[in-house]
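Quick notes on the structure that follows.
Protein chains: 2
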Amino acid sequence: MVQEEHGLRVAYLGPMASYTHQAALDTFPQSRNHTLTPVPDIPSIFQAVQSNNAERGVIPFENSTNGSVVQTLDLLADSKNQYPNIQMCGEAFVRVQHYLLGRKSTSHSQSQPTHRSSPSGANLRHVKSLYSHPQAWTQCTPFLSSAVPGRERHDTSSTSRAAEIVAADKSGSSAAICSALAAELYGLDVLAPDIEEKKGNMTRFLIIRNSPTTSPSSPLSQNGSSSSWKSLLSFTLPQTGSPGALAQALAVFGKYGINLTSMNSRPSGERPWHYIFFIEFQGRRGDGKVDNALAELQSVVARWKTLGTWMSNGGQDGG
Amino acid sequence: MVQEEHGLRVAYLGPMASYTHQAALDTFPQSRNHTLTPVPDIPSIFQAVQSNNAERGVIPFENSTNGSVVQTLDLLADSKNQYPNIQMCGEAFVRVQHYLLGRKSTSHSQSQPTHRSSPSGANLRHVKSLYSHPQAWTQCTPFLSSAVPGRERHDTSSTSRAAEIVAADKSGSSAAICSALAAELYGLDVLAPDIEEKKGNMTRFLIIRNSPTTSPSSPLSQNGSSSSWKSLLSFTLPQTGSPGALAQALAVFGKYGINLTSMNSRPSGERPWHYIFFIEFQGRRGDGKVDNALAELQSVVARWKTLGTWMSNGGQDGG
Numbered sequence: 000m001v002q003e004e005h006g007l008r009v010a011y012l013g014p015m016a017s018y019t020h021q022a023a024l025d026t027f028p029q030s031r032n033h034t035l036t037p038v039p040d041i042p043s044i045f046q047a048v049q050s051n052n053a054e055r056g057v058i059p060f061e062n063s064t065n066g067s068v069v070q071t072l073d074l075l076a077d078s079k080n081q082y083p084n085i086q087m088c089g090e091a092f093v094r095v096q097h098y099l100l101g102r103k104s105t106s107h108s109q110s111q112p113t114h115r116s117s118p119s120g121a122n123l124r125h126v127k128s129l130y131s132h133p134q135a136w137t138q139c140t141p142f143l144s145s146a147v148p149g150r151e152r153h154d155t156s157s158t159s160r161a162a163e164i165v166a167a168d169k170s171g172s173s174a175a176i177c178s179a180l181a182a183e184l185y186g187l188d189v190l191a192p193d194i195e196e197k198k199g200n201m202t203r204f205l206i207i208r209n210s211p212t213t214s215p216s217s218p219l220s221q222n223g224s225s226s227s228w229k230s231l232l233s234f235t236l237p238q239t240g241s242p243g244a245l246a247q248a249l250a251v252f253g254k255y256g257i258n259l260t261s262m263n264s265r266p267s268g269e270r271p272w273h274y275i276f277f278i279e280f281q282g283r284r285g286d287g288k289v290d291n292a293l294a295e296l297q298s299v300v301a302r303w304k305t306l307g308t309w310m311s312n313g314g315q316d317g318g
Numbered sequence: 000m001v002q003e004e005h006g007l008r009v010a011y012l013g014p015m016a017s018y019t020h021q022a023a024l025d026t027f028p029q030s031r032n033h034t035l036t037p038v039p040d041i042p043s044i045f046q047a048v049q050s051n052n053a054e055r056g057v058i059p060f061e062n063s064t065n066g067s068v069v070q071t072l073d074l075l076a077d078s079k080n081q082y083p084n085i086q087m088c089g090e091a092f093v094r095v096q097h098y099l100l101g102r103k104s105t106s107h108s109q110s111q112p113t114h115r116s117s118p119s120g121a122n123l124r125h126v127k128s129l130y131s132h133p134q135a136w137t138q139c140t141p142f143l144s145s146a147v148p149g150r151e152r153h154d155t156s157s158t159s160r161a162a163e164i165v166a167a168d169k170s171g172s173s174a175a176i177c178s179a180l181a182a183e184l185y186g187l188d189v190l191a192p193d194i195e196e197k198k199g200n201m202t203r204f205l206i207i208r209n210s211p212t213t214s215p216s217s218p219l220s221q222n223g224s225s226s227s228w229k230s231l232l233s234f235t236l237p238q239t240g241s242p243g244a245l246a247q248a249l250a251v252f253g254k255y256g257i258n259l260t261s262m263n264s265r266p267s268g269e270r271p272w273h274y275i276f277f278i279e280f281q282g283r284r285g286d287g288k289v290d291n292a293l294a295e296l297q298s299v300v301a302r303w304k305t306l307g308t309w310m311s312n313g314g315q316d317g318g
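These protein sequence lines map, in sequence, to chains A and B. Its first residue numbered 0, the first sequence is counted upward by one per residue in numbering that gives the first Met the number 0. Its first residue numbered 0, the second sequence is counted upward by one per residue in numbering that gives the first Met the number 0.
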């Protein structure tokens, strides 16, 4: 996604060096003078953007292995109408890749070839203790048992915190499992890259902005064809039993040949066993078949809201 | 749901006195000589039923406030084909109601009227310390601050464990927050019932069995009309891009007038951003419109599986 703006205040889910931070940097490059601020939780990002304390927010939406981030869906559902102006305006994909970071061995590094990419453990004899978030131990089990077996392990509250501790250790005998970004931000050496067991794990992030109107902000001709746009909408069904309403609502998209790219449901918060549905599709309002489908959808659903329209950035492998 | 069977071995998600235990007792009453065994995690229940070590399993499926139990959905998705014979054969609903359990005050109970249902705290002066799972503290905040303010709180691994500790305390000065079932199983007095802040919170449980065939096990005429049956099916879409396939698949249900009662999606485990969809609907195979819809669905989807058919027990408030 191309962000042409300069100097935006961007709130992202911290801490610093998190994968969300990486997504924020990819989308809002430092060369454009954006101010990126880590925020401790996702609701605070919605609040910051709704109250115009930040122009953009970057939040995790779904992981290719673990599925949707339900807290983000519930905030988008906005059952208490706290975030009426929040609209998605972009997406970003970041590969979840863990690195072993620390200090390269000073006593042996001259006499041994240095392979940044070698996970063999040849350069890791000086590493005596390891720091990371508990989840990272389980995600890197094969590497840990072959390359650094028997080392003392210390749990930390985040992988970023692990990097911070290791950066402060002047002895150079500790190492952290964290993101590549942490190497840069904390000035650490990459002892072994890409040490996670499951390759190809990826997280998708949403970019949100404050946008009081839900109409398309730009004419159709602006950028690419209609099919390179994606939109997200939510809807609920009438309270009283209307058999077939969900099937009817979904059938509307099939009728107009709209490509649904994902679908989720969550409790609506209105009453037990009443749901809010999230539908993501290719296209956007202003495009004939989308407008026709949404007009027809209105006759079936209780409430609906478009939650945003953005240029698909192609980072998603297939569909 | 009426379970006519006797003497079944039933595995449920423990510990004893959990809400799943309550669902198991409601469905498999002790009067019919069923053997109910607590099992420490949900995968072990699938394994027990798949291997015929248990004839039935009872597992949480969704909560009216928190939504679906994704671990249960992922086990039903069965991406490694470990549980090919697992089929749902029933559902049970249990209201999540917390109780303060302990020993009634012996020194004052004779001189004061005893109101089992009074949450006023009048009979709670002898309670000096509280035990429960951390989640229960936050779910009962208003009661705790008005009826038993300032008491020592001890976190336990489950609400059942709290009841066990309090039952062992002969001084009678401790109390536990747990289910009503715990009062019965641990021989404790109800000091205050229904102390949770959010009323109406309910969990839905699935009953699973080992059933190598997916055809209906009983003729349509057996019990009630077709609309009192519910079925669950999963499907995935073709690997290569087939725009509109999801909308087409969902449109099939609308076309045949089938009432969808819930819908979920999870990562399929096949590759990133590929999903498995779960559709629950009224009706079952053997019923004309369902058979027609499933036949048409097959031409759109990559794989699909019926995950079970059961009599809707009506415990669900509305739809």
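The beta carbon of each residue, even a glycine, is placed where N, CA and C say it ideally should be.
In this model, B:GLY268 and B:LEU236 are separated by some 13 Å (Cα to Cα). For the stretch 253–266 of chain B, the beta-carbon criterion of a distance under 9 Å to any beta-carbon of chain A is satisfied by GLY253, LYS254, TYR255, GLY256, ILE257, ASN258, LEU259, THR260, SER261, MET262, ASN263, SER264, ARG265 and PRO266.
Of B:GLN96, B:LEU205 and B:ALA146, the smallest CA-CA separation from B:LEU12 is found for B:LEU205. Close CB contacts of A:PRO211 within its chain, under the 7 Å cut and outside five residues either way in sequence, are with ASN84 (chain order).
By alpha-carbon distance to B:TYR274, the top candidate from B:LEU245, B:GLY256, B:ASN291 and B:ALA294 is B:LEU245. Closest in C-alpha terms to A:HIS33, from the list A:TYR18, A:SER43 and A:GLU4, comes A:GLU4. Judged by DSSP secondary structure, A:GLU295 falls within the alpha helix (DSSP H) whose first and last residues are 287–297.
Nearest in C-alpha terms to A:SER17, of all of A:GLU90, A:PRO28, A:PRO39 and A:SER30, is A:PRO39. In this structure, B:THR202 lies near B:VAL93, with their beta-carbon atoms less than 7 Å apart. The continuous stretches of beta strand (DSSP E) do not include A:ASP73, which lies in the alpha helix (DSSP H) extending over residues 69–76. The beta-carbon of A:SER63 is placed less than 7 Å from the nearest beta-carbon of chain B.
Just measuring C-alpha positions, the residue of B:ALA294, B:ARG55, B:GLN81 and B:ARG102 sitting nearest B:GLY285 is B:ALA294. Shown here, A:SER145 sits in a helix according to DSSP, grouped into three states.
Taking C-beta separations shorter than 7 Å and ignoring five residues to either side along the sequence, the partners of B:ALA47 in its chain run ALA10, VAL38, ALA53 and GLY56, following chain order.
Using a Cβ-Cβ cut-off of 7 Å, B:TRP228 does not count as an interface residue toward chain A, since no Cβ of chain A sits closer than that to its own.
For B:ASP168, no pairing in a beta bridge is given by DSSP. According to the DSSP secondary-structure assignment, A:ASN209 is paired through a beta bridge with A:ILE85.
In the three-state reduction of the DSSP assignment, B:ALA16 falls in the coil class. For B:PRO42, no CB of chain A lies under 7 Å from its own CB, so it is not counted at the interface with that chain. For A:THR137, the enclosing alpha helix (DSSP H) has its first and last residue at 133–138. Residue-level contact check: A:ALA250 touches chain B, since one or more beta carbons of chain B fall below 7 Å from its beta carbon. The beta carbon of B:GLN238 is closer than 8 Å to those of GLU269, ARG270, HIS273 and ALA301 in its chain, skipping five residues each way along the sequence. Using a CB distance cut-off of 7 Å, A:GLY287 does not count as an interface residue toward chain B.
Linking A:THR140 to A:ASP168 through their CA atoms gives a straight-line distance of about 24 Å.
At a beta-carbon threshold of 9 Å, the residues of chain A lying near B:GLY199 are ARG270 and PRO271, ordered along the chain.
For the pair B:ALA191 and B:ARG8, the Cα-to-Cα distance works out to about 34 Å.
Between A:ILE278 and A:LEU232, the C-beta gap is smaller than 7 Å, which places the two residues in contact. Boundaries of the beta strand (DSSP E) around B:GLU61: 55–62. Using a 10 angstroms sphere on the CB of B:GLU163, the tally of other CB atoms reaches 16 or more, which defines it as buried.
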